[in-house]
Amino acid sequence: MSKVFDLIEKEQNRQNTTIELIASENFVSPDVMRAVGSCLTNKYSEGYPSVRTSGNTGRYYGGCHIVDEIEEYCCDKWREVFHTDYHVNVQPHSGSSANLAAYMSVLQMGDTILAMDLNNGGHLTHGSPVNFSGKLFNMVFYNVTADGYIDYDDIAAKTEQFRPALILAGASAYSRIIEFDRIAKIIADANAKDPDYHPYFMVDMAHIAGLIAAGVHPSPFGLADIITTTTHKTLRGPRGGMIFCKKELAKKVDSAIFPCTQGGALQHVIAGKAVAAEEACTEEYRDYIFRVRDNCRAMCDEFIRMGYEVVTGGTDNHLFLVDFSRTHPHLTGKAVQDELDRHGITLNKNCVPGEKRSPMKASGVRIGTAPMTTKGFTEEDFIKTAHKIDEVIRGME
Ligand SMILES: Cc1ncc(COP(=O)(O)O)c(C=O)c1O
């Protein structure tokens, strides 16, 4: 047997035998897996389906009539999932590619973006100096309050002070509802004060997209100009990205993906995204997301009962952050992550608000309930897991 298949079998065994608490992961269905492993991987399809280009073929190669249908169907299904008539581009290879293209579609190099800092829960692509976002654009960051909530007054103040060309909402490690309507109002107020000032409102819903689809989190549709997402987290699809936008931005967004930042579309992944969209339209999926949220609350409450500090004191979504900086000042997130790995529990170290350590060590861990809820874990299972984690941490002391 090829060495690769031997290693895949080992990874399958790891996935089958560990408790997976990484908030950005999930387990796709056999149908999603089947689509992604299909013959569509053989097909080149630079450009867009013909329907989008008014009947002229928008592809650079022949033989695209079937993948055209798949891509169009994929777009239609995702609009159905989010009950929206926004334009959608399903070609981004990842969440990072989606964010790069979103910025490129409406900004010039050096423009100012107001976003959430990595330490406070933002993502690398939201302006980290080591990422293209921090290198290509002038980044300004809004703060969180002392108890870890987004500081909307700071967004208003920094909008007035820095007049960003784009305001970005969305996070990788934020456990509370993001009030999109409040940010939209800040933008509307700034525009009312100065009618020449029109910042774009972008939302990166990568983490919470599944909760938005199921109605567990308020929707940014109708408020934001551009919405990016990954498809592999709470949406439980294949690894990839998507961009939704208001119709007037459709051409800019499409050309920011191809030809600006990507080449041929990954049609096998687009087929997987379409299958995931079909699944996300079902009652079963809605019920799954409600269980993800309820399981998360139950586990988070248990940590608090055991004396741990949780950023913001709780969760409204699929994740929460345990902050060791005051309760276990000698413990790093990395040490906890490594020790739990040895006990078959997988999670990731995470910076906490006011972080004093480097992101490679960090003072907290992020815990998510989406993958194990897919595997059938109940509230009792998550509570048991919280106790197991506590036992491991006490062992480290
Ligand atoms: C909010 C957010 N945006 C974008 C991304 C990037 O996604 P990808 O890893 O697919 O590039 C992530 C990944 O974790 C994320 O959390």
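With the working numbering, letter number 349 in the sequence shown gets 476, and the count goes up by one each step, no holes.
All residues carry an ideal CB built from backbone N, CA and C; glycine is no exception.
Neighbourhood of residue i by C-beta distance below 8 Å, restricted to the same chain and skipping five residues each side
| i | result |
| --- | --- |
| T144 | G471 |
| S181 | With a pLDDT of 46 at S181, under the threshold of 50, the modelled position of this residue cannot be trusted, and the question is left open. |
| L376 | H214, S232, V233, D352, I353 |
Separation of residue j from residue i, as counted between CA atoms
| i | j | result |
| --- | --- | --- |
| S232 | V380 | 5 Å |
| G254 | A300 | 15 Å |
| T534 | N422 | With the chain covering 128 to 524 only, the question about residue 534 has no answer from this structure. |
| E207 | H214 | 12 Å |
| Y188 | I520 | 57 Å |
| H395 | A341 | 26 Å |
| Y200 | A401 | 7 Å |
| T454 | G481 | 15 Å |
| K483 | D244 | 14 Å |
| M128 | K137 | 13 Å |
| D508 | P345 | 28 Å |
| N265 | E524 | 43 Å |
| P68 | V159 | This structure gives no information on residue 68, because the portion of the chain shown stretches from 128 to 524. |
| N318 | T286 | 11 Å |
| G297 | G441 | 18 Å |
| N270 | Y415 | 33 Å |
| F533 | T501 | Since the displayed the chain opens at 128 and closes at 524, residue 533 lies outside it and no answer follows. |
| M426 | G190 | 51 Å |
| S485 | L458 | 13 Å |
| K373 | D212 | 8 Å |
| P256 | L263 | 9 Å |
| L474 | G174 | 38 Å |
Three-way DSSP call (helix, strand, coil) for residue i in this model
| i | result |
| --- | --- |
| E147 | strand |
| V267 | strand |
| E466 | helix |
| R420 | helix |
| I305 | coil |
| G440 | helix |
| K461 | helix |
| M369 | strand |
| L293 | strand |
| L227 | helix |
| N531 | Because the chain in this structure spans residues 128 to 524, residue 531 falls outside the shown range and cannot be described. |
| V257 | coil |
| G342 | coil |
Test: residue i CB closer than 7 Å to a CB of chain B
| i | result |
| --- | --- |
| T454 | In the structure shown, chain B does not exist; there is a single protein chain. |
Cutoff 6 Å; reference residue i; Cβ partners in own chain excluding five residues on either side
| i | result |
| --- | --- |
| A497 | N153, T361, V419, H445 |
| G337 | T361, L362, I416 |
| L350 | F307, A311 |
| A513 | M426, E429, F430 |
Contact under 7 Å by Cβ, residue i with residue j
| i | j | result |
| --- | --- | --- |
| F328 | I277 | no |
| D321 | T355 | no |
| G491 | D450 | yes |
| I384 | A229 | no |
| S177 | G185 | yes |
| I194 | K170 | According to the sequence as given, residue 194 is Val; it is not Ile. The answer is yes: Cβ separation under 7 Å. |
| G275 | V438 | yes |
| P347 | P291 | no |
| A283 | I314 | no |
| R413 | A150 | no |
Residue i beta carbon near ligand 2 (any heavy atom closer than 6 Å)
| i | result |
| --- | --- |
| S302 | Ligand 2 is not among the ligands present in this structure, which contains only ligand 1. |
Residues sharing a beta bridge with residue i, DSSP
| i | result |
| --- | --- |
| D331 | T355 |
| K379 | The partner list for K379 (beta bridge, DSSP) is empty, contrary to what the question assumes. |
| M243 | Y269 |
| T252 | According to DSSP, T252 bridges with nothing at all. |
| H214 | C372 |
| R186 | G174 |
| F447 | I494 |
Close beta carbons around residue i, own chain, < 7 Å, minus the five adjacent residues each side
| i | result |
| --- | --- |
| N258 | L251, T252 |
| S223 | T252 |
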